[in-house]
Amino acid sequence: MSISLKEIQAPIAPEMELFEKKFRTSMKSKVLLLDRIMSYIVKRKGKQMRPMFVFFTAKLFRPDISDATYRGAALIELLHTATLVHDDVVDDANYRRSFFSVNALWKNKIAVLVGDYLLSKGLLLSLQNDDYELLKIVSNAVKEMSEGELLQIEKARRLDITEDVYFDIIRQKTASLIASCCAVGAASAGASREEVEKARLFGEKVGIAFQIKDDLFDYGTAEIGKPVGIDIKEKKMTLPLIHALRSADWLTKRRVIYNVKNNNGNSKRVQQVIDFVKLSGGIEYTIKLMNQYHAEALAILNTFPPSPSRASLEQLIAYTIEREK
-5 MSISLKEIQA PIAPEMELFE KKFRTSMKSK VLLLDRIMSY IVKRKGKQMR
45 PMFVFFTAKL FRPDISDATY RGAALIELLH TATLVHDDVV DDANYRRSFF
95 SVNALWKNKI AVLVGDYLLS KGLLLSLQND DYELLKIVSN AVKEMSEGEL
145 LQIEKARRLD ITEDVYFDII RQKTASLIAS CCAVGAASAG ASREEVEKAR
195 LFGEKVGIAF QIKDDLFDYG TAEIGKPVGI DIKEKKMTLP LIHALRSADW
245 LTKRRVIYNV KNNNGNSKRV QQVIDFVKLS GGIEYTIKLM NQYHAEALAI
295 LNTFPPSPSR ASLEQLIAYT IEREK
């Protein structure tokens, strides 16, 4: 990777610092237990790519960051964090980003209530400031994310995911969130409806490329990243495997699907699936499609006038497909 996320973030470093203060304030509570949990959540924040997309997109339309943009970024973080806390309960996950999850430390009942609290804080933040357009954008993204997750669960039972269904799932589960970041950035900066939709579509293309990159990690395409084979162990059908199965004969297909369905964490069976995908051209095909979505995102971005923010967004979307974790 030629440029780090910290270097990409440098032009908006003061805005990001102020945002963090505002976000901490927006999570405040009069309940001591809640405050302790909110403090824990803030301390284990990730790469902060979501607010970066909000701020850089907003700067495509105006040079300064308005209060509405800060609120929009906070709304996305609040609602997204709520979904992550609830996801960990659903998945019975004890860790997130190498930290203990909220449900692991405070049990499921408290984790569900914390998720509800974050959701209500986000809703109130928008309603109290009449940010109805921003609330509409982000609420729609949360709806899409839920639908995508349920679609994946439904299809995972039968392992009959086609390429079209795969793209429906990742568009809803992952891309809808990055799309909402870009749409919120544009809307909060006073962009027209057409410009907001264009920004949303740009974010959607980036989000799809981002998720495809994530799926490639499962096949050991980088030295670091999530553990190799974790998707296969969890019986998730991703693009490399879907493509490889499409061109396999009936007997091979049956054997591979059996290994996915009945791997039970068996590393030998998982490795057999990985080897099959690599030999069948699944990795090359997936990289080609990832690069295609990256190019489509870049083409949309280049319809906006040249600016430092546009250059930063170019770097940010390059980062999404070149990152190693």
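Start counting the sequence shown at -5; every next residue gets the next number (the numbering used here).
Glycine included, C-beta positions come from ideal geometry on N, C-alpha and C.
Setting aside the 5 residues that flank it on each side, S274 is surrounded in the same chain by A238, each with a C-beta closer than 6 angstroms to its C-beta; the list follows chain order. Following the DSSP letters along the chain, one finds F50 inside the alpha helix (DSSP H) bounded by residues M43 to A52. When C-alpha distances from R44 are compared across R151, E71 and A62, the shortest belongs to E71. The shortest CA-to-CA distance from E127 to any of E138, G197 and S174 is the one to S174.
In terms of Cα proximity to V84, the closest of G66, V106 and Y64 is V106. Taking 7 angstroms as the cut-off, the Cβ atoms of M46 and M32 do not count as close. The alpha-carbon separation between K247 and E138 amounts to approximately 31 angstroms. Between A203 and A193, the beta carbon gap of about 16 angstroms keeps them out of contact (Cβ cut-off 8 angstroms). Contact holds between the segment 156 to 166 and the segment 140 to 147, because three or more Cβ pairs, one in each stretch, are under 8 angstroms apart. Residues S174, A177, V178 and A181 of the same chain have their beta carbon placed closer than 7 angstroms to that of I131, with the five preceding and five following residues left out of the count.
At the C-beta level, N102 and S95 stay beyond 7 angstroms of one another. For F13, no pairing in a beta bridge is given by DSSP. Residue nearest to S303 within the set K53, L12, K229 and H288 is K53 (criterion: CA-CA distance).
Scanning the segment 180 to 259 for uninterrupted beta strand (DSSP E) segments of 3 residues or longer gives nothing; none is fully contained.
No Cβ-Cβ contact shorter than 7 angstroms links H80 with G116.
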